[in-house]
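J.: Below is a structure I'd like to ask you about.
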Amino acid sequence: MAGRHAHLRGLARAIHEISGLSRGLSVENLLDISSLFLQQLVNGITLGGVYALIAVGYTMVYGVIQLINFAHGEIYMLGAFLAYTQVTLLRLPFFVAFLTTLLICAVFGVILDYVAYRPLRTAPRLAALITAIGMSIFLQNLALLLWGSQIKSYPRDILPRLFFKPALTMGEVSLSWLQVFILSITVIFMLILHLIIHKTKVGMAMRAVSQDKVTSALMGIGVNRVISFTFAIGSAMGGMAGILVGLYYNAIFPTMGYIAGVKAFAAAVLGGIGSVPGAMLGGGVLGIAEVLGAGYLSSAYRDGISYAVMILVIIFKPSGLIGQILGEKV
Amino acid sequence: MISKISPRWKLAAIFVFALVLPWLPLGSSTNYFLRVINTAILYMILALGLNIVPGFTGLLDLGYVGFYGIGAYTAGLLTIHYNLSFWMILPLAALNGAMWGILLGAPTLRLTGDYFAIVTFGFSELVVLVIRNELWLTRGPMGLPGIAPPVIFGHPLKLEWEFYYLVLLLLMLVMLVASRLEDSRLGRAWFAIREDEIAAQCCGINLIRYKIIAFAISASIGAMGGAFFARWFKFIHPDMFKFWESILILCLIVFGGMGSITGTMLGALILIPLAEILRAVLPQGMFNARYLIYGLILVLMMRWRPAGIIPFDRAQESKAARMRQRLTALGSKE
Chain A
0 MAGRHAHLRG LARAIHEISG LSRGLSVENL LDISSLFLQQ LVNGITLGGV
50 YALIAVGYTM VYGVIQLINF AHGEIYMLGA FLAYTQVTLL RLPFFVAFLT
100 TLLICAVFGV ILDYVAYRPL RTAPRLAALI TAIGMSIFLQ NLALLLWGSQ
150 IKSYPRDILP RLFFKPALTM GEVSLSWLQV FILSITVIFM LILHLIIHKT
200 KVGMAMRAVS QDKVTSALMG IGVNRVISFT FAIGSAMGGM AGILVGLYYN
250 AIFPTMGYIA GVKAFAAAVL GGIGSVPGAM LGGGVLGIAE VLGAGYLSSA
300 YRDGISYAVM ILVIIFKPSG LIGQILGEKV
Chain B
0 MISKISPRWK LAAIFVFALV LPWLPLGSST NYFLRVINTA ILYMILALGL
50 NIVPGFTGLL DLGYVGFYGI GAYTAGLLTI HYNLSFWMIL PLAALNGAMW
100 GILLGAPTLR LTGDYFAIVT FGFSELVVLV IRNELWLTRG PMGLPGIAPP
150 VIFGHPLKLE WEFYYLVLLL LMLVMLVASR LEDSRLGRAW FAIREDEIAA
200 QCCGINLIRY KIIAFAISAS IGAMGGAFFA RWFKFIHPDM FKFWESILIL
250 CLIVFGGMGS ITGTMLGALI LIPLAEILRA VLPQGMFNAR YLIYGLILVL
300 MMRWRPAGII PFDRAQESKA ARMRQRLTAL GSKE
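Going down the list, the protein sequences come from chains A and B. Each residue of the first sequence is one higher than the one before, counting from 0 in numbering that gives the first Met the number 0. Each residue of the second sequence is one higher than the one before, counting from 0 in numbering that gives the first Met the number 0.
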């Protein structure tokens with residue numbers, strides 16, 4: 000499919016851009032090698048932050064309704080495209096587009112749940128999973144129809160110049176303001192999320208629903224409202240991640256969601272599904288593993304590294320780094 | 000009217016019709032028509048293979064196309080390098096598929112269904128990555144051209160109708176296997192797992208073992224389909240075995256009716272020619288967007304017709320399933 004090739008091209012460009020592969024490993028200067036490593040680490044952490052933002056959506060939804068929402072990756076993709084349309088077609092300022100995208104994605108997540116998943120709450124799990132896959136395929140191809148398979152990129156002038164300048168330079172290692180922006184947004188929203196889950200009433204309701212829906216309902220919690228809220232938050236985070244990645248790699252395309260979605264799911268599994276700090280940790284580890292693997296092992300297997308990590312974690316430690324696995328309930 | 004005719008006669012009528020199909024007077028479009036039919040039959044075989052995992056055992060397998068690809072490349076490479084006969088390659092490809100199925104299934108089938116789905120997805124993506132990147136073995140993105148067609152009684156197959164009878168033979172073989180499995184002790188164990196894992200385990204069914212058997216058989220049928228595809232199409236390429244194919248095959252069985260052999264085959268027989276019609280009707284760039292329809296089919300079918308577009312045979316059983324659903328909805332927790 001053309002989209003896939005486009006994706007590879009985008010990746011190749013991104014790898015070239017960020018990993019400094021052209022300098023190669025033949026440089027024997029130890030300092031150079033260590034600074035290359037540090038640069039990779041910085042890039043990996045940035046990427047990991049974005050994965051964490053997507054992974055949170057998977058993990059929260061899984062925690063509440065035990066469903067892998069395959070369409071979540073598509074919400075991430077839609078986030079990138081919605082912001083793109085707003086800044087190019089409607090000529091809105093970037094930060095306005097950013098906020099409206101978050102809002103639209105949140106509403107979209109709620110609608111998705113309402114239309115596709117809610118009718119299947121009591122159906123066998125297989126039915127809900129197939130619906131999730133179907134939704135993902137549907138949305139991806141809808142985006143293909145609406146925006147075409149060409150790689151799009153945000154105009155450079157939507158962000159202040161400053162963003163593309165290095166914020167911090169230590170020898171060969173540099174950290175751009177864009178990376179600082181991405182990382183700080185990730186951390187801020189993760190903190191907000193943590194506070195929502197642990198300090199607010201609706202957060203308490205979410206935790207209750209994730210433990211036992213029927214009992215929560217008996218305690219007077221509106222289970223469906225809580226589920227909608229979970230979808231809203233998760234989707235907003237996913238949409239935001241889409242914009243950030245669009246800025247970072249300067250490439251948005253309809254199939255971006257399906258690859259990133261799987262990687263973010265891998266991050267969620269790695270951290271322990273159902274656990275928000277786990278998603279952050281998993282995202283970080285996976286981002287670093289991916290960038291280092293692409294830099295030192297094989298850039299052709301860049302996506303493969305995530306899949307392999309995911310498969311190995313699922314096989315050997317399905318409970319993830321943090322988090323506990325729950326046996327299937329009767 | 001039709002329902003009064005005994006199933007045996009209906010089957011015989013379909014069989015006779017299938018035998019004379021290539022000789023229908025279609026004029027110049029016969030070749031194209033047969034090519035579409037051959038594709039449909041190939042997908043019927045693949046769908047029957049996939050059906051064993053989600054349909055019979057109730058596990059979502061998103062990586063089926065990985066085994067299809069393994070089968071195709073096994074056949075392609077063995078043909079090009081060793082020039083083995085088709086009848087040697089078919090079991091070898093099936094064996095290779097089953098081996099990978101067991102290797103993948105043994106550790107992962109212990110997990111819940113969702114994890115299994117995602118692992119199979121990762122597996123099929125890895126298969127494509129390996130095929131694409133290991134140039135020394137598979138020639139990667141250049142594909143494998145010039146795979147020799149099967150030779151039968153010293154006569155290399157060339158025309159579409161010759162392949163038609165070959166693929167029809169394969170389909171009948173797979174149908175036989177699938178329907179015998181359905182009525183066997185093995186099949187009953189699978190259905191029990193599908194309906195309720197915990198209850199099945201309590202009845203003494205070894206979950207892991209039966210799931211692995213299901214997965215391995217399904218994988219070997221997929222690989223056999225791939226072997227036929229390689230020798231029929233004579234050219235294989237990594238892009239032919241991407242995740243999308245898995246979705247398409249899943250869509251076929253969901254549309255026709257998961258778990259029903261008749262439904263599964265009907266799904267392929269309807270949707271594959273439909274794709275050809277779309278290819279003709281849709282403008283060039285839009286053809287890939289047909290997956291929009293497949294995605295929609297998956298969602299709508301699950302919502303309104305989980306037993307398939309025309310619910311077949313095991314109607315009784317789905318009634319039981321519905322009853323069980325209602326009970327779960329009423330009382331006990333998830």
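All residues carry an ideal CB built from backbone N, CA and C; glycine is no exception. Since this is a predicted model, take the numbers as computed values, not measurements.
(1) Check the Cβ-Cβ distances between B:Q315 and every residue of chain A, and say whether any is below 8 Å.
(2) Does any residue of chain A bring its CB to less than 8 Å from the CB of B:D113?
(3) Quick one: what's got a C-beta closer than 6 Å to B:L61's C-beta in the same chain, skipping five residues either side?
(4) In angstroms, rounded to a whole number, what distance separates the CA positions of B:L128 and B:S178?
(5) What residue range is occupied by the uninterrupted alpha helix (DSSP H) comprising A:P276?
(6) Does the beta-carbon of B:M141 have 16 or more other beta-carbons within 10 angstroms, so that it is buried, or is it exposed?
(7) Nearest by alpha-carbon distance to B:F190: which of B:L76, B:L94 and B:G54 is it?
(8) Quick one, are the C-beta atoms of B:G70 and B:M223 less than 8 Å apart?
(9) Whole angstroms is fine: what's the gap from B:L143's alpha carbon to A:L101's?
(10) Under a CB-based cut-off of 8 Å, is B:T107 close to chain A?
(11) Answer with buried or exposed for A:G23, where buried requires no fewer than 16 other C-beta atoms within 10 angstroms of its C-beta.
(12) Cβ of A:L20 less than 8 Å from any chain B Cβ?
(13) Taking only three categories from DSSP, how would you classify B:L143?
(14) Over the uninterrupted alpha helix (DSSP H) stretch that includes B:V52, give me the two end residues.
(15) By the criterion of Cβ-Cβ separation under 9 Å, what are the contact partners of A:V261 in chain B?
(16) Bridge partners of A:M169, per DSSP?
(17) Just curious, the alpha helix (DSSP H) that A:T100 is in, first and last residue?
(18) Got a sec: which bits of the segment 102-126 of chain A sit with their beta carbon under 9 Å from any beta carbon on chain B, in order along the chain?
(19) Is there a Cβ of chain A sitting closer than 8 Å to that of B:V253, yes or no?
(20) Along chain A, which residues have their Cβ under 7 Å away from the Cβ of B:V298?
(21) Curious, which full-length alpha helix (DSSP H) runs of at least 4 residues does the segment 132-178 of chain B contain?
(22) Please look up how many angstroms separate the CB atoms of B:I211 and B:I308, rounded, as I've assumed it's under 8 Å.
(23) Please name the residue, chosen from A:V213, A:T214, A:R160 and A:R224, that lies closest to A:G202 on a Cα-to-Cα basis.
(24) Within its chain, find whatever has a CB closer than 6 Å to the CB of B:I79; leave out the 5 residues flanking it on each side and keep chain order.
(25) Report the three-state DSSP secondary structure of A:K151 (helix, strand or coil).
(26) Have a look at A:L280, A:L192, A:H71 and A:M236 and flag the residue whose alpha-carbon is nearest the alpha-carbon of A:Y116.
(27) With C-beta atoms as the reference, is B:M174 less than 8 Å away from B:I260?
(28) Please name the residue in B:Y67, B:R34 and B:K233 whose C-alpha comes closest to that of B:L94.
(29) Would you say A:P165 reaches chain B, if we count a Cβ-Cβ gap shorter than 8 Å as a contact?
(30) In chain order, what residues of the same chain lie with their CB nearer than 7 Å to the CB of B:S84, ignoring the 5 residues before and after it?
(31) I'd like to check one pair, B:G57 with B:R193: are the Cβ atoms closer than 8 Å?
(32) Return the Cβ separation of A:L128 and B:L59 in integer angstroms, given the expectation that the two are a contact with Cβ distance under 8 Å.
(33) For a contact meaning CB atoms closer than 7 Å, what does A:L143 contact in chain B?
(34) Find the residues of chain B that neighbour A:M309, judging by a C-beta separation of less than 9 Å, and give them in chain order.
T.: From the atom records:
(1) Reliability fails at B:Q315, whose pLDDT of 48 lies under 50, so the model's placement of it is uncertain and the value that follows must be treated cautiously. By this cut-off, B:Q315 is not an interface position.
(2) yes
(3) A116, T119, F120 and S245
(4) 35 Å
(5) V275 to L291
(6) exposed
(7) Closest by C-alpha distance to B:F190, out of B:L76, B:L94 and B:G54, is B:G54.
(8) yes
(9) 46 Å
(10) yes
(11) Here A:G23 scores only 48 on pLDDT, less than 50, and its place in the model should not be relied on; the value that follows carries that caveat. Exposed.
(12) The predicted model places A:L20 with a pLDDT of 46, which falls under 50 and marks its position as unreliable, so this point remains unresolved.
(13) Strand.
(14) Here B:V52 belongs to no alpha helix (DSSP H), and DSSP marks it neither H nor E.
(15) I117, F120, G121 and E124
(16) A:V172
(17) F93 to L111
(18) Answer in chain order: V114, A115, P118, L119, R120, T121, A122, P123, R124, L125 and A126.
(19) yes
(20) What B:V298 touches in chain A: A115, T130, G133, M134 and F137.
(21) Listed in chain order, the complete alpha helix (DSSP H) runs (minimum 4 residues) inside the segment 132-178 of chain B are 134-137.
(22) In fact, because the Cβ distance is near 31 Å, the residues do not count as touching under 8 Å.
(23) A:R224
(24) none
(25) strand
(26) A:H71
(27) Yes.
(28) B:Y67
(29) no
(30) V150
(31) Yes, these two residues count as a Cβ contact at 8 Å.
(32) Right, the Cβ-Cβ distance comes to about 5 Å (below 8 Å), so this counts as a contact.
(33) N287 and A288
(34) I117, V118 and G121
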